[in-house]
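Reviewing the structure listed below.
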Amino acid sequence: MADMVRTTKKTDMTAEATKGEKEGEKLYEGKAKIVYTTSDPDLLVVYYKDDATAFNGRKKGTIQEKGVRNASISAAFFEFLAGRGVETHFVKLLSEREMLVKRLEIIPIEVVVRNIAAGSLARRLGLPEGTRLAHTVVEFYYKSDELGDPLINNYHIKAVGLASEEEVASLEVMALSVNDLLREFLAPRKLELVDFKLEFGRHHGRILLGDEISPDTCRFWDAATGEKLDKDRFRRDLGGVEEAYHEVLRRVLQKV
Ligand code: UDP
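Counting from 1, position 228 in the sequence shown corresponds to residue 258 in the numbering used here; the numbering is continuous, with no gaps.
Here it is as structure tokens:
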């Protein structure tokens with residue numbers, strides 16, 4: 031598999047892409063992405079895989095063309111957000127699965143923003159899935175596979191030293207602003223943004239939005255029918271997984 035990815039990666043890379051950012055070593059392989067160094071210490075290449083996992087890695091599978099869809103969807107969101115003043119790690123797409131990004135020192139906190147109750151919030155608070163929340167919810171989870179990404183609060187963050195108070199305040203402000211902007215972007219595309227997860231990192235003293243924004247990390251419901259168009263189709267064996275990712279890409283690229 032690693033060899034296959036490597037081969038695909040080499041053939042994927044355009045001459046233009048490799049000229050400035052000579053491909054380097056594999057830095058990290060996660061569940062959905064592989065990160066490579068480049069000749070520039072400030073830049074990395076992120077390769078989007080088709081592998082899918084859920085429930086902290088207990089469910090595994092493949093979603094055909096997921097990497098291609100998620101790279102394009104994320105790029106479109108990052109470009110839109112950058113145009114609205116949100117600093118992100120995105121530089122450019124190098125190929126259909128590869129993204130050139132600024133190197134971040136990842137803050138080990140997953141920031142989840144919720145507009146409608148679903149998933150773990152619906153379970154924790156005993157709310158029927160689909161309940162519109164009277165106020166937007168921001169949650170922090172400690173990024174740790176061994177611990178299963180536990181829910182944490184500002185006190186835990188300070189007690190463990192995951193981020194400074196000032197940084198946590200920035201994460202919250204940035205996450206809420208991303209929520210407003212994405213909802214504005216998605217409304218004419220008839221997609222409801224139920225909830226999503228963001229990751230941030232430090233880059234030369236600034237906090238940038240990192241990771242990806244895709245149906246793997248967001249819940250998107252069709253605004254008219256409520257149909258789920260995200261990774262819940264894989265998590266819950268609903269079928270039509272590939273079609274859902276494709277539909278989100280189609281709507282995200284739609285001129286409105
Ligand atoms: N999420 C994610 N990665 C995680 C956990 C959650 O991207 O490791 C996203 C998920 O896709 C959803 C939101 O964060 O859009 C909230 O997820 P929730 O806590 O409800 O997780 P669940 O228990 O349903 O997986």
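For glycine and all other residues, C-beta sits at the position ideal for the given N, C-alpha and C. In this text the structure is predicted, and so the values were computed from the model without any measurement.
Environment of residue i [buried if 16+ CB atoms lie within 10 Å]
| i | result |
| --- | --- |
| S102 | buried |
| A147 | buried |
| L283 | exposed |
| S104 | buried |
| D33 | Low per-residue confidence applies at D33: pLDDT is 34, beneath 50, and the placement is therefore not dependable enough to give any value. |
| N100 | buried |
| K63 | buried |
| K122 | exposed |
| R263 | buried |
| D241 | buried |
| R88 | exposed |
| G115 | exposed |
| F120 | buried |
| F250 | buried |
| V203 | exposed |
| L268 | exposed |
| A205 | buried |
| A193 | buried |
Nearest-angstrom Cβ-Cβ length linking residue i and residue j, presumed shorter than 8 Å
| i | j | result |
| --- | --- | --- |
| D80 | E95 | 7 Å |
| L130 | L73 | 6 Å |
| F226 | T247 | 6 Å |
| G220 | P245 | Per the sequence presented here, residue 220 reads as Lys, with Gly not at that position. Actually they do not touch by this definition, with Cβ atoms about 15 Å apart. |
| E117 | R236 | 6 Å |
| V143 | T166 | 6 Å |
| Y171 | I187 | The Cβ separation is near 11 Å, so there is no contact. |
| T67 | E55 | 5 Å |
| N145 | V224 | 6 Å |
| E126 | Y77 | Going by Cβ atoms, the distance from E126 to Y77 rounds to 11 Å, so no, they are not a contact pair. |
| V141 | L228 | 5 Å |
| L111 | L216 | Actually they do not touch by this definition, with Cβ atoms about 12 Å apart. |
| F85 | I243 | Actually they do not touch by this definition, with Cβ atoms about 21 Å apart. |
Cross-strand partners of residue i (DSSP beta bridge)
| i | result |
| --- | --- |
| Y58 | V65 |
| D225 | R144, R249 |
| D179 | According to DSSP, D179 bridges with nothing at all. |
| V167 | R144 |
| V76 | V65, M129 |
| K89 | A84 |
| F120 | V131 |
| I136 | G231 |
| R162 | I146 |
| K173 | Partner(s): none; K173 has no beta bridge. |
| G211 | What sits at residue 211 in the sequence shown is Leu, not Gly. None; L211 has no bridge partner. |
>> I'd like to know if the segment 136-156 and the segment 231-247 are in contact, where contact means that at least 3 CB-CB pairs between them fall below 8 Å.
In response: yes
Looking at C-beta atoms only, is the number of pairs between the segment 263-280 and the segment 153-162 that lie closer than 8 Å three or more? no
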